[in-house]
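Quick notes on the structure that follows.
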Amino acid sequence: MARSYLTLEKNCRICNGNDLLTILDLGLQPLANNLIPETKFNERVDKYPLTLVKCNRCGLLQIRETISPEVLFSNYMYLSSCADTLVSGADNLANQLIEKYRLGKSDLVVEIASNDGYLLQFYQKAGIPVLGIEPAANVAKIAQEKRNIRTVVEFFGEELAKRIRQRYKAPSVIHANNVLAHVANLHEFVGGMKILLSPSGVISVEAAYVKYMIDVGAFDLIYHEHLCYYSLRCLNLLFKKHNLEIFDVQYIPAQGGSLRIFAGHPSEHEKTDRLNDFQEKEQQEGIGKDQFYTEFANRVMKLKKDLCSMLEQLKNEGKKIIAYGAAAKATVLFNYFGLGSETFEYVVDRNQQKQGYIIPGTNLKIYPVEQIEIDKPDIILLTAWNYADEIISQLTSHRNRGGEFIIPLPYLKLLH
15 MARSYLTLEK NCRICNGNDL LTILDLGLQP LANNLIPETK FNERVDKYPL TLVKCNRCGL
75 LQIRETISPE VLFSNYMYLS SCADTLVSGA DNLANQLIEK YRLGKSDLVV EIASNDGYLL
135 QFYQKAGIPV LGIEPAANVA KIAQEKRNIR TVVEFFGEEL AKRIRQRYKA PSVIHANNVL
195 AHVANLHEFV GGMKILLSPS GVISVEAAYV KYMIDVGAFD LIYHEHLCYY SLRCLNLLFK
255 KHNLEIFDVQ YIPAQGGSLR IFAGHPSEHE KTDRLNDFQE KEQQEGIGKD QFYTEFANRV
315 MKLKKDLCSM LEQLKNEGKK IIAYGAAAKA TVLFNYFGLG SETFEYVVDR NQQKQGYIIP
375 GTNLKIYPVE QIEIDKPDII LLTAWNYADE IISQLTSHRN RGGEFIIPLP YLKLLH
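The working numbering puts the first residue of the sequence shown at 15, with every later residue one more than the last.
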């Protein structure tokens, strides 16, 4: 087991409390997005401990282990534009903010962790200047060359925020979608947004919602890139520490179930009734208390038993089974449940950058989605279950010839 680049955190990432309760131990896991080139098929894969804990002081759910971000993100294979749902959601969000805040050519929109430009392209098409911040050079290159998105290839923090304000200008809108969970130094990151934001500007942050994760048993959201799992209460605590004020919140289906919060400088934006209602609902549901998490591990273990039993039975019947989706959640599921080529023929994924690689910790090769029409498997396990409707609608020929789908979460089912 490799321990280079690994830090075991003793304190909460938000409040620095040291009373951390273990919720779920996922054992040793490879880095979930660190796909293996086919040429290195037989080489040993480094694995690291992965432990989900809860802070008994502020209630933040987090993992104890921190892997160096340079190891995780300098060369990244996740492309947001491969998910049609994310792209359409980005289009809608950009149009909403353009209209609501009357954005124009004199404004600047910045996205932190801008990936391949999937969101900023819609502002740019509307004639609004944009700037992406993306530490993965390979992904930033796609944004720059394919979509002509001006992109800074660095990790974001207070020092970079100061340089951007000096070189460009203070943005009217800052986006940070599905990145806050990945940040080891939360206070450096949020402090940077405070420095960068214009006086009346708006910060829009999306993060996987902890209630959703626990309710549906989505253990596959737990991997080394995802350091924290947020409630509105914890986000409020974090932003208040940097003199930023959350004024609105939405629950959105992105990434299975996420919070979208809007924040700004204090007293610049009127707080919505929706925010107050959401805060009261979280308190009533006991989010952050021990009992909210007590059944989570049991639910995960039951899914492991039931899914492995279902797959074994189907294999015994001579069924040909593949998996759809080579995202991080697939790596977690395969490794934690001990599944590999004895069960699956291979994995398919739309992302061309992943095709030809191997899922870490398994010997499962990733093929283009078109391989389904060539081999005509009997059953497809949707490891990308959070996009089940989208994927099934794209695979009508599989279903028309009698093919079936296994959807593991939120409830295990075999779909005919």
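Where a beta carbon is used, it is the ideal one built from N, C-alpha and C, also for glycine.
Could you tell me which of VAL314, LEU429, ILE336, PHE261 sits nearest to ASP291, measuring between CA atoms?
Start at 1 with the first residue of the sequence shown, and residue 291 comes out as number 277. Of the candidates VAL314, LEU429, ILE336, PHE261, the one whose C-alpha sits nearest the C-alpha of ASP291 is PHE261.
Close Cβ partners of LEU445 (< 6 Å) along its chain, the five nearest in sequence each way excluded:
Past the boundaries of the shown model lies residue 445; the chain is included only from 15 to 430, so the question cannot be answered.
By the three-class DSSP mapping on this structure, what secondary structure does SER407 have?
As a working note, residue 407 is residue 393 in the sequence shown. Note: SER407 maps to helix in three-state DSSP.
How many angstroms separate the CA atom of MET15 from the CA atom of GLY141?
Here residue 15 refers to the residue found at position 1 when the sequence shown is read from its first residue. Here residue 141 refers to the residue found at position 127 when the sequence shown is read from its first residue. For MET15, the predicted model reports a pLDDT of 43, less than 50, meaning its position is unreliable and no value from the coordinates is stated.
Boundaries of the beta strand (DSSP E) in which HIS238 is found, first to last residue
Taking the sequence shown and counting its residues from 1, one reaches residue 238 at position 224. That residue, HIS238, is in no beta strand (DSSP E); it is neither H nor E in DSSP.
What is the rounded straight-line gap between the Cα of GLN158 and the Cα of SER95?
In the sequence shown, residue 158 corresponds to position 144, counting from 1. In the sequence shown, residue 95 corresponds to position 81, counting from 1. When rounded, the distance between both Cα atoms is 14 Å.
Please state the DSSP three-state secondary structure of ASP98.
Residue numbering aside, residue 98 sits at position 84 when the sequence shown is read from its first letter. If DSSP states are grouped into helix, strand and coil, ASP98 belongs with the helices.
Does ARG17 come out as helix, strand or coil in the three-state DSSP assignment?
Here residue 17 refers to the residue found at position 3 of the sequence shown. For ARG17, the predicted model reports a pLDDT of 47, less than 50, meaning its position is unreliable and no value from the coordinates is stated.
Option in LEU38, ILE28, ALA46, ILE50 with minimal Cα separation from GLY370
Working through the sequence shown from its first residue, we reach residue 370 at position 356. Nearest C-alpha to GLY370: ILE50.
Measuring only the C-alpha atoms, how far is ASN365 from GLU299?
Working through the sequence shown from its first residue, we reach residue 365 at position 351. Working through the sequence shown from its first residue, we reach residue 299 at position 285. Spanning the two alpha carbons is a distance of roughly 38 Å.
Is it right to say GLU239 is buried, meaning 16 or more other beta carbons lie within 10 angstroms of its own, or is it exposed?
Position 225 of the sequence shown, counted from the first residue, corresponds to residue 239. By the neighbour-count rule (16 or more Cβ atoms within 10 Å), GLU239 is buried.
Taking just the CA atoms, how far does GLY146 sit from THR286?
The residue you call residue 286 lines up with position 272 of the sequence shown. The residue you call residue 146 lines up with position 132 of the sequence shown. Cα to Cα, the separation comes out at about 29 Å.
May I ask you to report which of helix, strand or coil DSSP gives ASN1?
Nothing can be reported for residue 1: it is not among the residues displayed for the chain, which extend from 15 to 430.
Assuming VAL219 contacts ALA198 (C-beta within less than 8 Å), just tell me the rounded distance between them.
For the purposes of this step, residue 219 is taken as the residue at position 205 of the sequence shown. For the purposes of this step, residue 198 is taken as the residue at position 184 of the sequence shown. Incorrect: roughly 17 Å between the Cβ atoms, too far for contact.
Using a 10 Å radius around the Cβ and a threshold of 16 neighbouring Cβ atoms, would you call ARG17 buried or exposed?
Taking the first residue of the sequence shown as 1, we reach residue 17 at position 3. Note on ARG17: pLDDT 47, under 50, position unreliable in the model; the coordinate value appears next. By the neighbour-count rule (16 or more Cβ atoms within 10 Å), ARG17 is not buried but exposed.
Suppose the cutoff is 8 Å on Cβ atoms and the five residues either side in sequence are ignored; what does the same chain contact list for ILE112 look like?
Taking the first residue of the sequence shown as 1, we reach residue 112 at position 98. Counting only Cβ-Cβ distances below 8 Å, and skipping sequence neighbours, we find TYR137, ALA140, ILE142.
Would you kindly check if the distance between the Cβ of LEU200 and the Cβ of ILE28 is under 8 Å?
The residue labelled residue 28 in the question sits at position 14 within the sequence shown. The residue labelled residue 200 in the question sits at position 186 within the sequence shown. In contact: ILE28 and LEU200 (Cβ atoms closer than 8 Å).
May I ask you to verify whether the stretch 377–389 touches the stretch 310–324, counting CB pairs closer than 8 Å and requiring at least 3?
No, the stretch 377–389 does not touch the stretch 310–324.
What residue range is occupied by the uninterrupted alpha helix (DSSP H) comprising THR345?
The residue given as residue 345 occupies position 331 in the sequence shown. First-last of the alpha helix (DSSP H) with THR345: 342–351.
Proximity winner among GLU57, GLY73, THR80, relative to ILE301 (alpha-carbon distances)
Translated into positions along the sequence shown, residue 301 becomes position 287. Among GLU57, GLY73, THR80, the Cα nearest to that of ILE301 belongs to GLY73.
Mind checking who ARG274 pairs with in its DSSP beta bridge?
Taking the first residue of the sequence shown as 1, we reach residue 274 at position 260. For ARG274, which the question treats as bridged, DSSP gives the partners GLU220, GLN264.
Could you tell me which of GLN43, LYS54, ASP33 sits nearest to LEU20, measuring between CA atoms?
Numbered from its first residue, the sequence shown carries residue 20 at position 6. Taking only the C-alpha atoms, the option nearest LEU20 is GLN43.
Candidates GLU259, GLN293, ASN192, of which the one nearest GLY438 by Cα
Residue 438 lies beyond the stretch modelled for the chain, which goes from 15 to 430, so this question has no answer here.
Between LEU40 and ILE236, is the Cβ-Cβ spacing less than 8 Å?
One-based indexing of the sequence shown puts residue 40 at position 26. One-based indexing of the sequence shown puts residue 236 at position 222. Their beta carbons are under 8 Å apart, which means LEU40 touches ILE236 by this criterion.
For THR376, the three-state DSSP class (helix, strand or coil):
Here residue 376 is taken as the residue at index 362 of the sequence shown, counted from 1. If DSSP states are grouped into helix, strand and coil, THR376 belongs with coil.
For HIS283, the nearest candidate out of ASN56, GLY215, ASP229, TYR244 (CA to CA):
Counted from its first residue, the sequence shown places residue 283 at position 269. If we check each option's Cα against that of HIS283, GLY215 comes out closest.
Assuming contact is defined by CB atoms lying nearer than 8 Å, are VAL188 and LEU210 in contact in what I supplied?
Walking along the sequence shown from the start, residue 188 turns up at place 174. Walking along the sequence shown from the start, residue 210 turns up at place 196. With the sequence shown as reference, residue 188 is identified as Ile, and Val is not the correct amino acid for it. In contact: ILE188 and LEU210 (Cβ atoms closer than 8 Å).
For the beta strand (DSSP E) containing ASP33, list its first residue and its last residue.
On the sequence shown, position 19 is the one that residue 33 refers to. Bounds of any beta strand (DSSP E) do not take in ASP33, whose DSSP letter is neither H nor E.
If we call anything under 8 Å between Cβ atoms a contact, is ALA97 one with TYR401?
The residue you call residue 97 lines up with position 83 of the sequence shown. The residue you call residue 401 lines up with position 387 of the sequence shown. Their beta carbons are under 8 Å apart, which means ALA97 touches TYR401 by this criterion.
Quick check on this structure: which residue in ALA344, ALA277, LYS24 has the alpha carbon closest to the alpha carbon of TRP399?
Residue numbering aside, residue 399 sits at position 385 when the sequence shown is read from its first letter. Of the listed residues, the one whose Cα sits closest to TRP399 is ALA344.
If you draw a straight line from the alpha carbon of ALA104 to that of GLN110, how long is it in whole angstroms?
The residue labelled residue 104 in the question sits at position 90 within the sequence shown. The residue labelled residue 110 in the question sits at position 96 within the sequence shown. The alpha-carbon atoms of ALA104 and GLN110 are separated by roughly 10 Å.
For the putative contact between VAL144 and VAL167, defined by C-beta atoms under 8 Å, what is the C-beta separation to the nearest angstrom?
Residue numbering aside, residue 144 sits at position 130 when the sequence shown is read from its first letter. Residue numbering aside, residue 167 sits at position 153 when the sequence shown is read from its first letter. Incorrect: roughly 15 Å between the Cβ atoms, too far for contact.
Cα-Cα separation, ILE372 to LYS329:
As a working mapping, residue 372 is identified with position 358 in the sequence shown. As a working mapping, residue 329 is identified with position 315 in the sequence shown. Those two C-alpha atoms are separated by around 22 Å.
Secondary structure of ILE228, DSSP reduced to three states
Within the sequence shown, the letter at position 214 stands for residue 228. Residue state, collapsed to three classes: helix.
Does DSSP put HIS283 in a helix, a strand or coil?
Start at 1 with the first residue of the sequence shown, and residue 283 comes out as number 269. Three-state DSSP puts HIS283 in coil, outside helix and strand.
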